[in-house]
Structures are given as C-alpha cells and as structure tokens.
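Numbering (this note's numbering), first residue to last: 301 to 606.
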Amino acid sequence: MSSPSATSPASASSAQVGGLRSVAANGVDFALLEAGPADGPLALCLHGFPDTAHTYRHLLPALAGAGYHAVAPFSRGYAPTSLATDGAYQLGALVADAGALHDLLGGDGDAVLVGHDWGAMTAYAAAAHRPDAWRRVVAMAVPPAQASAQTLFTYEQLRRSFYIFLFQTPLADLVLQMPDVAFLERLWGDWSPGYDATEDVAHVQASLADPAHLMAAVGYYRAMFDATLHLDTYAEAQAAAATPPPQPLLYLHGEDDGCFGLDPATDVLGQLAPGSRYERIAGAGHFLHLEHPGRVGDMILEFLRA
C-alpha cells in the first residue's frame, strides 16, 4: 500500500505538535509527543542520547502534514517516561518497545520508523525483527552495524567515543550529576559544531534531572558491553540487530558529525536493502535534523512517498 501524499513541505508549520500524553507498553509508561490524524499511518520517531523526544519538534508537524500519525516517545528511562520495571536498557528492550508501541498505536504494514543515534540502532533491529510491521525506515547519524564496524576501531573514532568508555565506570555518575550542564553542552558542541543547543540541553537536563533516570540513560551504554545486564525475554529482539533490515531504508549522515565520523568511501548502501538511499548532509553535524530541519525533513518526506 502506498504512503500518504504530502500536503505541505517539511518547513511548514500548519500542523502543530500536541501536548504530552502517556501510554503503557511493554511494562513502561511512555510519554509521547504526537501530531497528525490518529487514523493516519504511524510514523514512530525514536531519539538518542543526549536528547529527548523534543528532537523531533520540526519533523513531527512535517510528517503530520503528509497525513501520518507522527509519534515521538521519550525512550524508556527518559522522564517523563517511567523507568523500566524490568530494569532492562539493552537494545533488545528498545526493539521490543518499538514493536509494542506499533501495536498499541494502531500501526500496520504502512507504518514507518524514524530513528536518530540510539533511535537509529533501534530502528535497524526493530525493522529486522518485525519486517511486516514497518514499510520504510529512516536512520540518522549511526550507520548500519556492518558499516559502523569499518570505522569503529580507528583511532579517530575511539577518540570521539570516549564518553562510551567513561560511562562504563563510576566516574560517569560523578561527571553527569555535577550541578552545571557543561558536559552535555560540550557533547552537543563537539557533535554539532555551530549549532545553538541551549533549548535541547535544557530538555535533556529536565529529562535526566533525577539520578535514577540519568543512570537509566547511562545504562544503555553499560548494557552494550555487559551481557549480564541482558534479559532472556529480549534475546530474540536483541539478536535481530545482527540482521540488516529488509525494507528500503534512507540513511542520512552529517558531513561535520563530531560523534561518528563516517568515511565517504564506506560502503553504506552495500549493507542496505534494494531501494535504499544514502545521503551525506553538507554543513550538518550529528543532530542534522535539528540543524537543517527543512532540508532533512524534505528528504525524509520524499523517501517515504515512494
């Protein structure tokens, strides 16, 4: 079945993002930002770190203007979403969350998935785990696992990824809970040079103000390397991360991304299904959908219309 036709460009502001509401799915009370008709095809938009659902404040109205029921949840552990009752912050749990939200919000085979950073990693695995649930996928800022592996262990990328290794230690608790937000501000500044992240850092600070929620966000990274933090409940969803998604996928990467440096020669398209696209965004860093919302939004809408 084809996607809805766009009625306005990505830069349009006619469709407004509604207030927060909460839904229970997979043992978590999710806070949602949403826009568009409730009976439209679902467009589930997943955020990363250090970010919140507010990262989609430009894209949600654009998707709504194209007829989608556009929804951006605060991920498990990111207030006002609740902490995970099962204590799981592994990728498999995030994949299960995406599937549960799909079913709860009336998603069907016309649903699409958009992910940035951790949301991108979740999108790859969720699309592979339940290929019948998602028609098309958009991922930003973290390339597919097979392409990431070509870059991950270079000196330059290890230097960029220092925070991942910091988060494996008790020092993370001290650094991130300091009364100012210098650490988060510097991450945003390094990852998206020249972008004014004042509003976004304030959203993150509010979301992770409680130490339990802050440690939940750190828990995503700790579960990357510590299998003892994985639950058998999510074994199948976790394993899906090793399988490339079968749907057409649009991958977008900022040329000035200071978080993940992607060599232009890296074979991204070779890791994706037929009908996929890969675009590098000039003048954009890690948070490309916030830095260039009109350009990025138009690319996404064009891809989803196909």
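Positions of the beta carbon are idealized from the N, C-alpha and C atoms, including for glycine. The model shown is predicted, which means the values in this text are computed figures rather than measured ones.
_Taking the alpha carbon of P564 as the reference point, which residue from L550, F483 and P443 has its own alpha carbon closest?_
For P564, the closest of L550, F483 and P443 by C-alpha to C-alpha distance is P443.
Margin query: Assuming P511 is part of the alpha helix (DSSP H), what are its boundary residues?
Written below: For P511, the enclosing alpha helix (DSSP H) begins and ends at P511 to F525.
Could you tell me the alpha carbon to alpha carbon distance between A331 and S322, rounded to whole angstroms?
C-alpha separation (whole angstroms): 4 Å.
(message) Just to confirm my understanding: we take E579, look at its own chain, exclude 5 residues before and 5 after, and list those with CB closer than 7 Å. What are they?
(response) Correct list, in chain order: L552 and M599.
Would you report the Cα separation of Q450 and A370, rounded to the nearest angstrom?
Straight-line Cα distance between these residues: approximately 33 Å.
Beta-bridge partners of E334, as assigned by DSSP = Beta-bridge pairing by DSSP links E334 to V371.
| said: Quick check: G558 and R460, are their CB atoms within less than 8 Å of each other? | reply: In contact: G558 and R460 (Cβ atoms closer than 8 Å).
_Buried versus exposed call for D397 [16 or more other C-beta atoms within 10 Å across all chains shown]_ = Buried, since its Cβ has 16 or more Cβ neighbours within 10 Å.
At the level of alpha carbons, what is the spacing between L549 and Q571? Using only the alpha carbons, I get a separation of about 10 Å.
In the structure shown, what three-state DSSP assignment does R357 receive? In this structure, R357 counts as coil in the three-state DSSP scheme.
Taking just the CA atoms, how far does Q538 sit from L391?
Their backbone Cα atoms lie some 6 Å apart in a straight line.
Looking at the secondary structure, which residues open and close the beta strand (DSSP E) in which L549 lies?
Its beta strand (DSSP E) spans residues L549 to G554.
Count the other C-beta atoms from every protein chain shown that fall within 10 angstroms of the C-beta of H592, then say buried if there are 16 or more, exposed otherwise.
Classification for H592: buried.
*Is DSSP giving A343 helix, strand or coil here?*
Correct three-state label for A343: strand.
Below 7 Å, is the gap between the Cβ of G336 and the nearest heavy atom of the ligand NAP? Here there are no bound small molecules, and the ligand NAP is not part of this structure.
Spatial neighbours of V395 in its chain, beta-carbon cut-off 8 Å, leaving aside the 5 residues before and after:
Closer than 8 Å at Cβ, skipping near neighbours: T422, A425, A426, H429, Y534, A537, Q538, A540 and A541.
Notebook entry, point to check: For the beta strand (DSSP E) that L413 lies in, which residues bound it at each end?
Noted result: V412 to H416 is the extent of the beta strand (DSSP E) around L413.
Inset, instruction - Can you tell me which of G367, T454 and P341 puts its alpha carbon nearest to the alpha carbon of D410? - result: Selected option, being the one with the closest Cα: P341.
Requested in this report: Helix, strand or coil for A584, going by three-state DSSP, please let me know.
Outcome: Reduced to three states, the DSSP call for A584 is coil.
Task: Of the residues P574, R605, D567 and L562, the one placed nearest I581, counting alpha carbons only - done: Cα-wise, what sits closest to I581 is L562.
* Asked: Would you report the Cα separation of H400 and D526, rounded to the nearest angstrom?
  -> Residue identity check: residue 400 is Ala in the sequence provided, not His. Whole-angstrom Cα-Cα distance: 25 Å.
Looking at the unbroken alpha helix (DSSP H) that takes in S507, where does it start and where does it end?
-> It spans T498 to S507 - the alpha helix (DSSP H) in which S507 sits, taken as one unbroken run.
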